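So the protein lines, in turn, are chains B and F.
Numbering follows our numbering, in which position 18 of the first sequence is assigned residue number 186; successive positions increment by one, without gaps.
Numbering follows our numbering, in which position 56 of the second sequence is assigned residue number 145; successive positions increment by one, without gaps.
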Amino acid sequence: MELPLSLPTAVPLSWFLILSAILFMLGIAGFLLRRNIITVFMSIELMLNAVNLTFVTFSYRLKQVDGHIFSFFVMVVAAAEAAVGLAIILTVYKNRSTLEIDEVSSMKL
Amino acid sequence: MEGLLFLTFATIAVLCAVNLVLQTHPISSALSLIAVQLIVYAGAIMVLFVFVIMLLNTGAEKRPARKVLVTWISLPLLFTFIALAAMLIGAQVPKTETVTFGGFAGGTTLSVGRALFTQYLLPFEITSILILVAILGAVVLARKEI
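Following this line, the structure appears as structure tokens:
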């Protein structure tokens with residue numbers, strides 16, 4: 169697909185999906201390449217947000233509200249996940265005094 | 090007009106995401122992610138993140154970056170996947186499909202709320218149980234003796 173030289177008056181639907189894909193890929197890259205456990209966790213949040221963008225885009229395309237509701241549920245799950253995950257991170261730090269994921273590779277202390 | 094706005098916000102989002110991945114200090118990454126997900130998350134989730142980062146008071150990543158080989162493999166792989174996804178999406182979605190402001194008037198509070206409390210009532214209730222379990226889990230994990 170070639171990039172248009174002049175800006176279109178209406179944004180093509182595929183641009184939103186491509187933006188979502190780019191954000192998701194960056195989330196994967198951060199998840200795989202970072203060492204800090206909090207940054208890895210934030211990369212997961214980034215991937216969840218990219219999926220939300222896709223849901224809302226298809227909600228627009230299909231003219232139905234189901235995508236909106238799904239993205240609400242994704243946000244709720246992300247909030248619950250953040251609460252539990254950050255509590256786990258706090259416990260890990262309390263027990264091991266490190267946040268490097270390579271040093272937290274065994275379950276036994 | 091719409092194209093300009095979309096490109097502006099898309100560029101901001103992608104740049105912030107790249108910054109999130111590239112920063113070595115978690116608080117800088119957190120500030121990038123806040124810029125990406127400004128609306129709902131900044132109030133609830135990112136404040137929690139920043140609070141934990143401040144509480145743990147961790148510095149930047151001390152160990153050296155990944156090996157050079159990893160960088161030289163992962164970056165082209167990332168761009169390949171992005172290009173592949175863009176190509177597939179561009180081939181699947183017809184170019185005539187466009188997005189205009191106000192093109193879909195169904196996403197109002199009325200319609201979303203109505204769907205939430207009729208068609209999606211059971212998932213909605215299960216969500217409240219999920220949040221309750223998450224609260225209990227967080228409280229249990231935050232106890233002193235674990």
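Glycine included, every Cβ here is placed at the ideal spot set by N, Cα and C.
Remember, it's a predicted structure, so these values are computed and weren't measured experimentally.
Is it true that the CB of residue j sits closer than 8 Å to the CB of residue i?
i	j	result
B/Tyr228	F/Phe193	yes
B/Leu267	B/Ile205	yes
F/Val110	B/Leu194	yes
B/Ala248	F/Ala133	no
B/Ile186	F/Leu205	no
B/Val219	B/Val242	yes
F/Phe95	B/Trp183	yes
B/Pro180	F/Glu186	yes
F/Val201	B/Val233	yes
F/Thr197	B/Ala178	no
B/Ser188	B/Leu221	yes
B/Ala197	F/Ser163	yes
B/Ile269	B/Val208	yes
Run through chain B and tell me which residues come within less than 9 Å of residue i, C-beta to C-beta.
i	result
F/Val157	What F/Val157 touches in chain B: nothing, since even the nearest Cβ is about 13 Å away.
Below 8 Å on C-beta distance, what does residue i contact in chain F?
i	result
B/Thr336	Here chain B comprises residues numbered 169 to 277, so residue 336 of chain B is not present and cannot be evaluated.
B/Ser211	Leu109, Val110
B/Val233	Gly195, Gly196, Ser200, Val201, Ala204
B/Met193	Leu167, Phe170, Ile171, Ala174
B/Ile244	Correcting the residue type first, residue 244 of chain B is Val in the shown sequence and not Ile. Here the neighbours are Thr216, Leu219, Ile220.
B/Leu201	Val110, Arg155, Val159, Ser163
B/Ile269	Neighbours of B/Ile269 on chain F: none; closest Cβ ~10 Å, over 8 Å.
Closer than 7 Å by beta-carbon distance: list the chain F residues that pair up with residue i, in chain order.
i	result
B/Phe241	Pro212, Thr216
B/Arg278	A question about residue 278 of chain B goes unanswered here, because the residues of chain B that appear run from 169 up to 277.
Since residue i and residue j are thought to touch, with beta carbons under 8 Å apart, how far apart are those beta carbons, to the nearest angstrom?
i	j	result
B/Leu254	F/Val141	5 Å
B/Phe199	B/Ile212	6 Å
B/Ala246	B/Leu216	5 Å
F/Ala231	B/Leu258	7 Å
Would you mind telling me which residues of chain B sit closer than 7 Å to residue i, beta carbon to beta carbon, in chain order?
i	result
F/Phe95	Val179, Trp183
Name the DSSP beta bridge partners of residue i, please?
i	result
B/Pro180	F/Thr187
B/Asn204	B/Glu268
Which residues of chain F have a Cβ atom closer than 9 Å to the Cβ of residue i, listed in chain order?
i	result
B/Ile257	Val141, Leu145
Please list the partners that residue i has in chain B, where partner means a Cβ-to-Cβ separation under 8 Å.
i	result
F/Ile178	Ser182, Leu185, Ile186, Ala189
F/Leu137	Ala250, Ala251, Leu254
F/Leu104	What F/Leu104 touches in chain B: nothing, since even the nearest Cβ is about 10 Å away.
F/Thr207	The contacting residues do not exist; F/Thr207 stays about 11 Å from chain B at best.
F/Ile134	Glu213, Ala246, Ala247, Ala250
TODO: Specify whether the region 229-241 of chain B and the region 135-142 of chain F touch according to this definition: at least 3 beta carbon pairs, one from each stretch, less than 8 Å apart.
DONE: Output reads no: the region 135-142 of chain F does not touch the region 229-241 of chain B.
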